[in-house]
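The listed protein sequences correspond, in order, to chains A and B.
All residue numbers in the first sequence are consecutive under the working numbering, ending with 768.
All residue numbers in the second sequence are consecutive under the working numbering, ending with 124.
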Amino acid sequence: MDPMDAIRATFFEECAELLESLEGGLLALQSGTQTPDTVDAVFRAVHSIKGGAGAFNLSTLVAYAHEFETTLDALRSGRLTASAEVVGTLLRASDVLGDLVNSACLGEDVDVPDTSELKAVAGSAEATPGKEDDSDFNPVMLNFGLDPIPDDDIDLAPTPIEIETVPVSTSTAAPHSAVGKRIWRVTFEPLPELLVSGNEPLFLFRALEVLGRMSVEALDSDLASLSDMDVSVPRLRWSIRLEPTATDLTETEIESVFEFADDICVLTISQIKDEDENAPSPQAEAVPGQVSPAVVEPPKMTIKETADTAPPPAAPKPDVSVQPTPIGTAAPQAQTSAPATIRVDLNRVDRLVNLVGELVISQSMLAQGMTRAGLDQHSEAVATLDELQQLTRDMQDSVMSIRAQPVKSLFQRMTRIVREAGQATGKDVRLVTEGEGTEIDKTVVERLADPLTHMIRNSIDHGLEAPDERNAAGKSPGGVVRLSARQQSDRVVIEVSDDGRGINRAKVLERAIARGLVPEGKTLDTTEIDRLLFLPGFSTAQTVSALSGRGVGMDVVQRAIRDLNGTIAISSVEGKGTSISISLPLTLAILDGMIVRSSRQRMVIPLSAIVETQTYAAARIETLGPNQSVVRLHERFVPIVDLAGSMGFARQPTDDLVEDDTALLFVQPDESGTFALRVDAIEAQRQVVIKGLGENFGHIPCVSAATILGDGQVALIVDPGGIAEMAGLNRQNPTLQTPELAVQ
Amino acid sequence: MRVLAIDDSRTIRDMVRLTLEREGIETAVAEDGIHGIEVLDSLDPRPDAILTDVNMPRLDGFGFINRVRERSEYAGIPILVLTTESARELKLKARAAGATGWIVKPFDPARLVGALRTVTGLT
């Protein structure tokens, strides 16, 4: 990758972080939980975005960030108070800034958004002048080529540098007209501040020397005797004769060498004729205004070719030696004092995760090998293997924790969704978040953004009532959406709940019947009605392309969660609110699974989907017609699906089929209901390393991934939700699991 | 030449590093003033020049320069301030803190390198 592309990528990555900290800070201001640094941090975030944007010539972004920054500066300096109205404006501005960053990232050309609101807010603070001279931020496109540098990209603020324009003879008045070289005479007298500032006369002369041949005379008339010498007071002045290499050298070019010394030295620059040379430093006494003129003495020291010479002996600085020693040896030391975090390429972490996965597989193969070899359970080898297993598990946890990320950033993103959805629907909504520190795999965090967005929009759109309706119901006019995360053993539960009107079950049922999802006249219990919300085709928005739009179906949300090996559940109390909870694995790399055998195939069923197991023999089974049977699970009947059969494996006459081993796994992949999977045998329950099937296979409906078992064999990881769909449990027979039907 | 560059923006740090390293200037970086002091103290020998941003968390650029100027072992080390503001007031502040010079962001690479060469007297 071109290094600039890499930096550009870094910039947008950094922008995301800065926007997050910006929004976090503004929200803290809004809720009154800010710290003394909050306003500074908010200002810095916008300032940094502007700075980086300038380097990439993202002028729209720069322009908007500039306005934003100006307003924040008023806040920072105390001219503006963080009232609710002001913070509201700033939050909206942060949304706009985020959009502009996105557009810039995508390379879209957009106009500078309306800044009148920001300006109005900032304007109300303009009792005192704002940032001085703040409109001179001109983006400079980085150019690493050799193009000439435009002079106006840097602010050479004209200032106390006073340049004596010496009248020159008419023959030299026009710079380009004369034949032969022009000679420049520069006198330089440092003020005490120059030495403190780290500017070194010798280096200035070296820089000047680049422009041509020069000779330097030190004028030491003011030099005190050694005993009286104060090293902090410069006593030397220099007179320089410069014979430029380029005939058209301008005064500005000479002046620019002294740019950083402009206000801390007395400088004169003049052009002399060759013949004037013998009259040394005619301008040496022209020390305008600042220092009393000194009598020009004949030069006592002459330094020629300064680059090869030591600094003038009187240069009163104790330690200016600069050793051009390679930095290489020092770099590692700098590393050790770096902060406690490092940035690591995600690919490297993933490689590590994969390697640990391989290690887990090898180790379980080793364990099986040892068992087959008939090693004594008390042998040293077995004990060591146990230790190895423990270490591997610890290592796995450590590696997974590298990928873990707090959900805070995700939750913060939702504040904007709430704000926007609230505005769009005219509802007053407050988002309350809990458990922001809960950590979950980075990929999961990223892939949760869309489903959470839809869930929150649904809550606000359908769950929360309008203010007057809430008033009528005796509720506060403002609704609350609560977003919480917590870890429950090896899973993370994320819950979106609202204090709205709850699910109107009569209406849901009516609609489901209207859409042909439920036969007319059917009575369903509340849980079953709630589950209807997850049926494909229930929602008005049916296509996946509507994912980013509003009113997306909960079936799409459910699909996204299922893809993450997660489950989703809904509960609701009419008039009080609705709560949807998502349970997710901590990682996408490892899965707790049950290894089963079905028609000679070994497969893995995610443990998270299994509610109960029964032996086939002990189960109470009823037959419904030739191909369908149901089994009693507690007070209800659920359909039985043969695992291998449903996946299209031909049922093989098997030698190793033992009737007694046949088992039923009651699985509940999601809210769509429970069913029983018939397998030939349950082999083991263990953690397996998830291996993608690779793109060649495309999407296989009832297989989510594969794994390598301890004996080196590949086993498919089954997606129970997909099985339910393949078997047509949800769509064609949504009421199959109702007791009435099953018992008939 | 060896330079320590301090900026809280990763983008700017990367950019400065790229710019300088293309010119064969070895570059150490730090993320804020406090970190800058830590890195500076760990560099042996000391860098030939320091570039620092102004607006940074924990310890800003001026605070950083003040601390460096208090230490005799860093006497005379040139420090350039990287700033997006070119307002004269800011320059005066930089000067008061003991800065050697200033570079306005977004910086022109050639200008930055030129300024470093000037203040260090090195190529």
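All C-beta atoms in this analysis are idealised placements derived from N, C-alpha and C, irrespective of residue type, glycine included.
Compare the C-beta of residue i with all C-beta atoms of chain B and state if any pair is closer than 7 Å.
i, result
"VAL220/A", "yes"
"PRO27/A", "yes"
"GLU93/A", "no"
"PRO172/A", "Residue confidence is low: PRO172/A scores 39 on pLDDT, short of 50, so the model does not pin down where it sits. No coordinate-derived value is stated."
"ALA270/A", "no"
"GLY736/A", "no"
"PHE282/A", "no"
"GLU534/A", "no"
"GLY49/A", "no"
"ASN126/A", "no"
"ALA687/A", "no"
"GLY102/A", "no"
"ALA751/A", "no"
"ASN223/A", "yes"
"GLY78/A", "yes"
Measuring only between beta-carbons, confirm whether residue i sits less than 7 Å from chain A.
i, result
"GLY62/B", "no"
"GLY102/B", "yes"
"ASP15/B", "yes"
"ASN67/B", "no"
"LYS11/B", "Sequence inspection shows Arg at residue 11/B; the Lys mentioned does not correspond to that position. It does: the Cβ of ARG11/B has a partner Cβ on chain A nearer than 7 Å."
"LYS106/B", "yes"
"ILE78/B", "yes"
"GLY37/B", "no"
"LEU117/B", "no"
"THR84/B", "no"
"LEU113/B", "no"
"GLY99/B", "yes"
"LEU19/B", "yes"
"GLY122/B", "yes"
Just verifying my parser: in three-state terms, what is the DSSP assignment at residue i?
i, result
"VAL542/A", "coil"
"ILE296/A", "strand"
"THR639/A", "strand"
"MET28/A", "helix"
"GLY268/A", "This sequence places Pro at residue 268/A; Gly is not what is there. Reduced to three states, the DSSP call for PRO268/A is strand."
"GLU458/A", "strand"
"PRO630/A", "strand"
"ARG209/A", "strand"
"ILE35/B", "helix"
"LEU117/B", "helix"
"GLN58/A", "coil"
"PRO663/A", "strand"
Quickly, what does DSSP pair residue i with across the bridge? List them, please.
i, result
"VAL592/A", "Here residue 592/A is Ile; the residue named in the question, Val, does not match the sequence. For ILE592/A, which the question treats as bridged, DSSP gives the partners ILE606/A."
"GLY645/A", "The question names Gly, but residue 645/A in the sequence shown is Ile. Its beta-bridge partners are VAL655/A."
"PRO216/A", "In DSSP, PRO216/A forms no bridge with anything."
"THR53/B", "ILE7/B and VAL82/B"
"ASP782/A", "The structure shown does not extend to residue 782/A, since chain A spans only 25 to 768, so no value can be given for it."
"CYS289/A", "PRO214/A"
"VAL368/A", "VAL368/A is not bridged to any residue."
"PHE699/A", "VAL691/A"
"THR731/A", "ALA739/A"
Does any residue of chain E have a CB that is nearer than 7 Å to the CB of residue i?
i, result
"GLY34/B", "Structure shown: chain E not included; protein chains present are A and B."
ask   = Would the region 510-517 of chain A and the region 640-653 of chain A be scored as touching if the rule is three or more Cβ pairs under 8 Å?
value = no
key: Interface positions of the region 60-76 of chain A facing chain B (Cβ-Cβ less than 8 Å), listed along the chain   = ASP61, ASP64, ALA65, PHE67, ARG68, HIS71, SER72, LYS74, GLY75 and GLY76
inquiry  = Is it the case that the region 518-534 of chain A contacts the region 601-608 of chain A, given that we only count it when at least three CB pairs across the two stretches are under 8 Å?
reply    = yes
inquiry  = Residues of the region 226-249 of chain A in Cβ contact with chain B at a cutoff of 8 Å, in chain order, please.
reply    = LEU226, PHE227, LEU228, ARG230 and ALA231
ask   = Pairing CB atoms from the region 481-493 of chain A with CB atoms from the region 463-471 of chain A, are three or more of them under 8 Å?
value = no
inquiry  = Does the contact criterion of 3 or more C-beta pairs under 8 Å hold for the region 61-80 of chain A versus the region 30-46 of chain A?
reply    = yes
key: the region 3-14 of chain B in contact with the region 29-42 of chain B per 3-pair CB rule at 8 Å   = yes
ask   = On the three-pair Cβ rule with 8 Å, is the region 471-482 of chain A touching the region 432-444 of chain A?
value = yes
request  = Taking only beta carbons into account, state which residues of the region 419-446 of chain A come closer than 9 Å to chain B, listed in chain order.
outcome  = none
ask   = Is it a yes or a no for the region 453-467 of chain A touching the region 413-423 of chain A, going by three-plus beta-carbon pairs under 8 Å?
value = no
ask   = Counting Cβ pairs, one atom from each stretch, are 3 or more of them under 8 Å apart for the region 213-228 of chain A and the region 279-291 of chain A?
value = yes
ask   = Which residues, taken in chain order from the region 29-46 of chain A, show a beta carbon closer than 7 Å to some beta carbon of chain B?
value = ILE31, THR34, PHE35 and GLU38
query = Does the pairing of the region 547-561 of chain A with the region 529-539 of chain A give three or more beta-carbon distances under 8 Å?
reply = yes
inquiry  = Three or more C-beta pairs under 8 Å: does that hold for the region 75-90 of chain B against the region 46-65 of chain B?
reply    = yes
ask   = On the three-pair Cβ rule with 8 Å, is the region 230-243 of chain A touching the region 260-274 of chain A?
value = yes
query = Do the region 741-750 of chain A and the region 623-638 of chain A meet, that is, are 3 or more Cβ pairs less than 8 Å apart?
reply = yes
message = For the region 12-27 of chain B against the region 613-625 of chain A, do three or more pairs of beta-carbon atoms, one drawn from each stretch, fall closer than 8 Å, so that the two count as touching?
response = no
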